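Residue numbers (this note's numbering), protein chains in the order written: chain F, 3 to 370; chain S, 224 to 619.
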């Protein structure tokens, strides 16, 4: 199987597993306990906190560990009171749009920031939204489908100037592009472990000093009271290691991804594929494309049969039969959107994977 | 069958805090490993657009059935969470918020875990009326007291199966039966009991049940909530997002965690009688070896308790002094782990009417499958010596 779905999840880096194993096999102490084996778990968590903090350029005290990106996004939005004015973009992840829908039912008003045909936040729409003076904004940094990267620092800077609290969903961006939390002008930022070769079930909310999210789960007082529950020590240790590796190897990873992408995209062009957001800055590993007149679902099934694991977009939205809301927001025609496939590359992918994939695609589409 | 054991660190203190967390069974670690790295089945279980994702999904579903079966529950009524704290929050907030139009009275006990108590306190601030039932002096809730507290406004009752500090078994069967013909949800926090005591969901009319893997030799960071007739039971989720877990708990499922939990639960079920016998023996041995310390009292009902938790107070010995004196030899707790960061007397013992030296002197010793008789005897001796030393110091 050639796995080309790294934006859905990544395998653990072997070095991450190695870091985790002692905490699965022998260091089992509850980090809240005061005796030695408990303190060992505590110091492992604090070391991981430093590693995650280094990845995004914050002090360790600003890192609140969670069970993942979905929980981080929900936690960020949980402090919003009823009758608040909210701003989100039209290309957010369901773990932002769904909590926002609930807030709408609690008398919050929501402005949707439109994107242009490349998936970049639209300036006119932004100005209209700003005129409504939102109290809280949640903006996606790098989109999970197209990989498009927003200039969050700029948008958030303007919002912040008028007193808006800004949350960045950096789940897809963290570990893939350099991220300095303090330069982003946001108060809150979500990241996840399993998108960066760390374990599933790990994530963090980065919190600016003075901003206090309302906890989602209570009891026990862990994570400075922001997130109760016995810490998943092994997962946190793994997340820390993954963050350390991502930081150290980011430029190497980037070059590898770009090389593969430069091999993939001309092959897709030969098939008359439309590569979404190709004109703007994207995550180096992400290529979402559509081919006119092709049924995306059928294509996915055929590729799967021939040993290629790709996706149409977000794993969470799988199986809906609806065109991607992200592409729809970009004004992509319904048929083209329904043909969309997302290739998201990873460390283990080789040039042969890419040439085989293109060859296979050509065979399926009878265009050899 | 030979028992495989977790690796023990050289020279580490004897671990007697199994109620705080247990070592992971080596079999459960092995069950987690196939779902992690490049060579394994690491795909997102929601990525059902490809075969790898489908295979991961089937691992999740198989695990769900392996957890449901020993409890005689319907697999589709089990929702995976990040642990019992989340399961308790989801059950209590979820029911209270979804059914608030029917009534605003909710009932729990004063001896619950913090994740239950803090959630009830939160709901109290959201204009719910809360009854906190006190146990008898033995730490047991009296079902009649509970029944007397109910009103037409009551929508939820939450009682733990086993108290985490005293090990006292609560009469949840009786409570469940008494509530069965009422329009009241009954939630049981089974964090300490799951895997250790049988739970027959087909026979006991419990509506919601919280389980945590790291208390039965599974991994930390995974648990589940059973919701009877989930499809027809409105429950307000804590998290919203990608629709995983029937929309009740979105977020990428951690296949390895779920597989590890299922394996650990299966083993705990198979070994239940054996593990209980072992705990009985260890308890007897511990209490014998502590006779040397003289003058101590066991807190909690000795006739209704899980043998692997012993809560006791030594006369004229302060718990924190004892814990510090034993730090390099024996790992025990003064109460629940979550409380131990702060010097705070146990709310459980306080609710039982225990006060003064007996309250501040209480320690919890808890052991389990991997504790050996030699360890118990040696720990008993260390504890007795430390108690004696501390008493002598106090006299000087």
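We put the beta carbon where it would ideally sit given N, CA and C, even for glycine. None of these values were measured; they are calculated from a predicted model.
#### Entry: Among 203/F, 202/F, 173/F, nearest to residue 190/F - alpha-carbon criterion
173/F
### Chain-ordered chain S contacts of residue 191/F [CB-CB under 7 Å]
Near residue 191/F there are no residues of chain S at all, since even the closest Cβ is about 17 Å away, more than 7 Å.
### Query
On the three-pair Cβ rule with 8 Å, is the stretch 120-133 of chain F touching the stretch 60-71 of chain F?
Three or more Cβ pairs closer than 8 Å define a contact, and the stretch 120-133 of chain F falls short of that threshold against the stretch 60-71 of chain F.
### Query
Roughly how many angstroms separate the alpha carbons of residue 261/F and residue 210/F, rounded to a whole number?
36 Å
### Message
Suppose the cutoff is 7 Å on Cβ atoms and the five residues either side in sequence are ignored; what does the same chain contact list for residue 241/S look like?
### Response
So the list reads 531, 589, 590, 591, once near-sequence residues are dropped.
### Task
Could you spell out the range, first to last residue, of the beta strand (DSSP E) harbouring residue 547/S?
That residue, residue 547/S, is in no beta strand (DSSP E); its alpha helix (DSSP H) goes 542-549.
#### Entry: Candidates 122/F, 88/F, 337/F, 289/F, of which the one nearest residue 263/F by Cα
289/F
### Query
From what residue to what residue does the beta strand (DSSP E) around residue 389/S run?
Residue 389/S -> no beta strand (DSSP E), and no H or E assigned at all.
### Query
Looking at the structure shown, is residue 7/F part of a helix, part of a strand, or coil, going by DSSP?
Here residue 7/F carries a strand assignment [DSSP, helix/strand/coil].
### Task
Work out the CA separation of residue 311/F and residue 363/F for me, nearest whole Å.
If you take the alpha carbons of residue 363/F and residue 311/F, they lie about 12 Å apart.
### Task
Quick one: list the residues of chain F neighbouring residue 383/S, beta-carbon separation under 7 Å, in chain order.
Listed by position along chain F, the residues whose Cβ is nearer than 7 Å to that of residue 383/S form an empty set, because the closest Cβ is around 12 Å away.
### Query
Should residue 95/F go down as buried or exposed, given a rule of 16 or more other Cβ atoms within 10 Å for buried?
buried
### Query
The beta strand (DSSP E) spanning residue 238/F covers which residue range?
Unbroken run through residue 238/F is the alpha helix (DSSP H), 235-272; no beta strand (DSSP E).
### Message
Do residue 418/S and residue 389/S have their beta-carbon atoms positioned less than 8 Å apart in this structure?
### Response
no
#### Entry: Straight-line Cα distance separating residue 554/S from residue 622/S
Any property of residue 622/S remains undetermined from this structure, which presents chain S solely from 224 to 619.
### Query
Roughly how many whole angstroms lie between the Cα atoms of residue 21/F and residue 240/F?
Taking the straight line joining both Cα atoms gives about 6 Å.
### Query
Ordered along the chain, which non-local residues of its own chain (more than five positions away) have a Cβ less than 6 Å from that of residue 284/S?
If we look at residue 284/S and ignore the five residues flanking it on each side, it has no Cβ neighbours.
### Query
CB-CB under 8 Å to residue 300/S, same chain, minus the five flanking residues each way: which ones, in chain order?
Taken in chain order, the residues that qualify are 291, 449, 450, 451, 452, 453.
### Query
What separation, rounded to the nearest whole angstrom, lies between the Cα atoms of residue 576/S and residue 102/F?
46 Å
### Query
Would you call the CB atoms of residue 150/F and residue 122/F closer than 8 Å?
Yes, these two residues count as a Cβ contact at 8 Å.
### Task
Indicate whether at least one CB of chain S lies closer than 8 Å to the CB of residue 220/F.
yes
### Query
Looking at the unbroken alpha helix (DSSP H) that takes in residue 612/S, where does it start and where does it end?
596-618
### Message
Does the structure place the stretch 476-492 of chain S close enough to the stretch 244-259 of chain S that three or more beta carbon pairs sit under 8 Å?
### Response
yes
### Query
Hey, how far is the Cα of residue 392/S from the Cα of residue 429/S?
If you take the alpha carbons of residue 392/S and residue 429/S, they lie about 16 Å apart.
#### Entry: Same chain only: Cβ atoms within 8 Å of residue 18/F, ignoring 5 sequence neighbours per side
199, 200, 201, 240, 243, 244, 247
### Cross-chain neighbours of residue 238/S in chain F, by beta carbon under 9 Å
30, 31, 37, 39
### Query
Can you tell me whether residue 259/F is buried or exposed, with buried defined as 16 or more other CB within 10 angstroms of its CB?
When all chains shown are included, residue 259/F counts as buried.
### Query
Got a sec? Which residues, its chain only, sit under 7 Å from residue 267/F by beta carbon, not counting five neighbours each side?
277, 289
### Task
Within the same chain, show all residues whose beta-carbon is closer than 7 Å to that of residue 338/F, passing over the 5 residues directly before and after it, in chain order.
Excluding its 5 nearest sequence neighbours in each direction, residue 338/F has C-beta neighbours in its own chain below 7 Å: 276, 292, 294, listed in chain order.
#### Entry: Where the beta strand (DSSP E) through residue 160/F begins and ends
Segment 154-163 is the alpha helix (DSSP H) holding residue 160/F; no beta strand (DSSP E) there.
### Query
Under the DSSP definition of a beta bridge, which residues are partnered with residue 381/S?
Answer is 410/S.
### Message
Below 9 Å on C-beta distance, what does residue 338/S contact in chain F?
### Response
219, 220, 221, 222, 230, 231
### Query
Between residue 309/F and residue 274/S, what straight-line distance do the alpha-carbon atoms span, to the nearest angstrom?
The alpha-carbon atoms of residue 309/F and residue 274/S are separated by roughly 9 Å.
### Task
May I ask you to list, following chain order, the residues of the stretch 281-314 of chain S that have a beta carbon less than 9 Å from some beta carbon of chain F?
304, 305, 306, 307, 308, 309, 311, 312, 313
#### Entry: Where residue 75/F falls: helix, strand or coil (DSSP)
helix
#### Entry: Beta-carbon proximity list for residue 401/S, same chain, < 8 Å, skipping 5 on both sides
366, 369, 370
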